[in-house]
Amino acid sequence: MAARRAIRAASPARAAVSELAESGALDGLFAKIDDGQLELTGDGGFVTELIKASLERGLAVELTDHLGYAKGDPDADQFPNSRNGSSPKTLATQAGDVDLAVPRDRDGTFTPRLVPKGSRRLGGLDDMIISLYAGGMTVRDIADHLEATLGTQLSHETISNITDAVTEEVLAWQARPLDALYPVIYLDAIVVKVRDGGHVINKAAHIAVGVDMDGIKHVLGIWLQQTEGAKFWAGVCADLANRGVRDVLIVCCDGLTGLPDAIEATWPAATVQTCVVHLIRAAMRFVGYQDRKKVAAALRPVYTAVDEKTSRAALDDFADSEWGIKYPHAWKTWYAAWDRFIPFLGFPPELRRVIYTTNSIESLNFQLRKVTKNRGHFPSDDAVIKLLWLAICNIEDKRARERAKEKGRPAATRKAPGRLVEGQVVTNWKQALAQLAVFYPDRINPHL
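Mind the numbering: the sequence shown is residues 6 to 453 in my numbering, read in order.
What follows is the structure, given as structure tokens:
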């Protein structure tokens with residue numbers, strides 16, 4: 006913050022305003038502001054009129070350069086082209102609407118660069134709209150917000166077109182090349198409402214986060230589930246393979262139907278691991294609130310066991326215990342997911358910590374749900390992917406700005422959050438990678 010203040014304090018604009026104020030040139034302006042005769046911002050405010058005067062002066066300079074002579078030049082009739090009045094134009098800006106008089110030439114060959122033909126918005130207004138959209142505001146909300154705060158009226162179609170301008174970036178991100186090997190990939194989903202024909206239906210937006218060889222997490226893609234089970238996951242795996250992923254060691258997910266078959270068909274040697282935290286939550290679904298801590302403690306020996314045999318014995322003991330009799334759903338959940346849970350038991354503690362939970366992607370989804378919760382539904386699948394991508398970028402950018410403000414402070418005093426997912430480094434990754442190299446030497450050593 007101090008660095009940014011220093012930059013603003015040293016700006017030419019600050020120096021120019023200070024010089025005018027000290028000379029007394031702004032005294033009349035200040036008096037009108039004090040008397041309430043002049044508004045600084047809003048529709049028709051001083052700032053918008055200042056923008057108008059600056060732009061019209063710049064346009065006049067451009068026209069002079071184009072014609073080759075200044076306005077009022079006595080030799081103007083010696084030039085083949087001449088001035089021909091002006092055309093009115095309303096320009097939306099971050100300070101409000103500005104009514105411009107755009108100068109014209111008689112031959113119609115003048116093309117303004119400062120305010121290009123066809124443009125109806127200036128400066129960072131598009132960026133503002135995209136930021137508001139990424140924060141979860143609907144097109145209607147944005148239109149109302151701009152009119153209330155800036156006095157700027159933009160149609161819903163215009164705002165939609167502005168947000169659609171990022172579609173090419175989204176497509177490029179979804180199709181970007183990926184690494185040949187990801188030791189771990191996490192998969193999770195959020196449910197969104199999407200219009201499909203004449204109906205609004207629930208769809209699952211699946212997000213994949215991959216951990217690369219350096220232990221850095223990356224959001225690999227977003228896919229909206231349109232078909233059930235294996236067919237959908239076959240398409241997701243094919244997409245990742247086509248973008249360069251040749252092998253995955255462990256896929257950590259929440260018992261997704263059809264995923265194991267799709268993984269086996271694409272990466273035959275990959276291990277599909279059910280997220281232990283999801284499994285615990287599923288087991289606790291019908292447990293009374295007053296008993297949850299005790300039941301959770303009784304289940305702990307199942308997933309902290311040293312091997313499969315010990316874990317199975319602990320689960321059998323739980324099923325025969327007081328809690329198992331009272332809540333049979335708890336142990337039946339573990340039995341039903343046993344085949345996808347037991348790979349976890351074969352790994353050492355360092356590696357178990359990495360695949361124990363999809364917590365990082367769940368944290369991301371929690372933030373994304375905050376963005377999508379106020380929307381009734383999305384008009385299309387593409388609109389869902391566009392918003393989720395923008396939201397991820399917006400969250401990471403916001404956190405990066407907060408960290409930048411605290412740069413240079415002692416670590417103990419910093420309160421800014423770290424990276425949410427993109428670029429985050431897995432804790433104790435070196436130890437986990439060493440264990441992966443022991444378990445999968447032929448597959449991982451060529452990439453070290």
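Cβ coordinates follow ideal geometry from the N, Cα and C atoms, glycine included.
Check: Which residues does DSSP pair with Ser91 in a beta bridge?
Finding: Pro108
Checklist line | Spatial neighbours of Ala421 in its chain, beta-carbon cut-off 8 Å, leaving aside the 5 residues before and after | finding: Arg404, Glu407, Arg408, Lys410, Glu411
Item checked: His382, DSSP secondary structure in three states -> coil
Check: Considering only C-alpha positions, which residue in the set Leu425, Ala396, Thr53 is nearest to Ser136?
Finding: Ala396
Notebook entry, point to check: Three or more beta-carbon pairs under 8 Å between the region 426-438 and the region 210-223, yes or no?
Noted result: yes
Check: Is Tyr332 helix, strand or coil when you go by DSSP?
Finding: coil
Check: For Lys391, which residues from the same chain have a beta carbon less than 6 Å from its beta carbon, with the 5 sequence-adjacent residues on both sides left out?
Finding: Val175
Margin query: My assumption, with CB atoms under 8 Å, is that Leu229 sits in contact with Asp386. Please give the rounded CB distance.
Written below: 5 Å
Item checked: Test item: CB-CB of Cys445 and Leu192 under 7 Å -> Note on residue identity: the sequence assigns Tyr, not Cys, to residue 445. No.
Next item on the list: For the region 222-300, list the alpha helix (DSSP H) runs that are entirely contained and at least 4 residues long, ordered along the chain.
Entry: 234-247, 264-271, 281-288
Margin query: If I follow the unbroken beta strand (DSSP E) through Arg200, where does it start and stop?
Written below: 186-201
Check: Which of helix, strand or coil does DSSP assign to Val376?
Finding: helix
Check: Given Lys331, which residues of its chain have a CB within under 8 Å of its CB, disregarding the five upstream and five downstream residues?
Finding: Asp296
Notebook entry, point to check: When burial is assigned at 16 or more other CB atoms within 10 Å of the CB, is Leu60 buried or exposed?
Noted result: buried
Next item on the list: Check whether the Cβ atoms of Pro182 and Gly249 lie closer than 7 Å to each other.
Entry: yes
Notebook entry, point to check: Nearest-angstrom Cα distance between Asn379 and Gln42?
Noted result: 40 Å
Check: Between Val359 and Val189, which are expected to be in contact by the criterion C-beta below 8 Å, what is the C-beta distance as a whole number of angstroms?
Finding: 6 Å
Check: If you run the structure through DSSP and keep just helix, strand and coil, what is Lys208?
Finding: strand
Notebook entry, point to check: Would a C-beta distance cut-off of 7 Å place Thr271 and Ala246 closer than the cut-off?
Noted result: yes
Margin query: By the DSSP assignment, the alpha helix (DSSP H) with Ser354 in it spans what residues?
Written below: The residue asked about is misnamed: residue 354 is Pro in this sequence, not Ser. Here the alpha helix (DSSP H) through Pro354 covers 354-360.
Note to self: What does the Cβ neighbour count give for Arg345, buried or exposed, with the cut at 16 atoms within 10 Å?
What the structure shows: buried
Note to self: Can you find the residues in the same chain that come closer than 6 Å, C-beta to C-beta, to Met6, ignoring five residues on each side of it along the sequence?
What the structure shows: With a pLDDT of 49 at Met6, under the threshold of 50, the modelled position of this residue cannot be trusted; read the value that follows with caution. Closer than 6 Å at Cβ, skipping near neighbours: Lys410.
Next item on the list: Could you name the residues of the same chain whose beta carbon sits closer than 8 Å to that of Asp312, not counting the 5 residues immediately before and after it, in chain order?
Entry: Leu350, Gly351
Next item on the list: Please decide whether Gln278 counts as near chain D, where near means a Cβ-Cβ distance under 7 Å.
Entry: The chain inventory of the structure shown lacks chain D, comprising one protein chain alone.
Margin query: Which residue marks the beginning of the alpha helix (DSSP H) containing Pro446, and which one marks its end?
Written below: 446-449
Notebook entry, point to check: For the 8 Å Cβ check, are there 3 or more pairs between the region 139-154 and the region 75-90?
Noted result: no
Notebook entry, point to check: Would you say Val2 and Val376 are within 7 Å of each other, going by their C-beta atoms?
Noted result: Given that the chain is displayed from residue 6 to residue 453, the structure contains no residue 2 and the question cannot be resolved.
Check: Looking at C-beta atoms only, is the number of pairs between the region 322-337 and the region 303-310 that lie closer than 8 Å three or more?
Finding: yes
Item checked: Euclidean distance between Cα positions of Cys398 and Thr309 -> 37 Å
Check: Residues bridged to Ala213 by DSSP?
Finding: Leu192, Gly226
Next item on the list: Can you check DSSP and say which residues form a bridge with Val430?
Entry: Ile221
Notebook entry, point to check: Secondary structure at Leu34, three-state DSSP: helix, strand or coil?
Noted result: helix
Notebook entry, point to check: With 16 other CB atoms within 10 Å as the buried threshold, where does Asn370 fall?
Noted result: buried
Next item on the list: Buried or exposed for Gln278, please, with buried defined as at least 16 other CB atoms from any protein chain shown within 10 angstroms of its CB.
Entry: buried
Note to self: Residues in the same chain with beta-carbon distance under 6 Å from Val307, minus the five sequence neighbours each way, listed in chain order, please.
What the structure shows: Ser316, Ala319, Leu320
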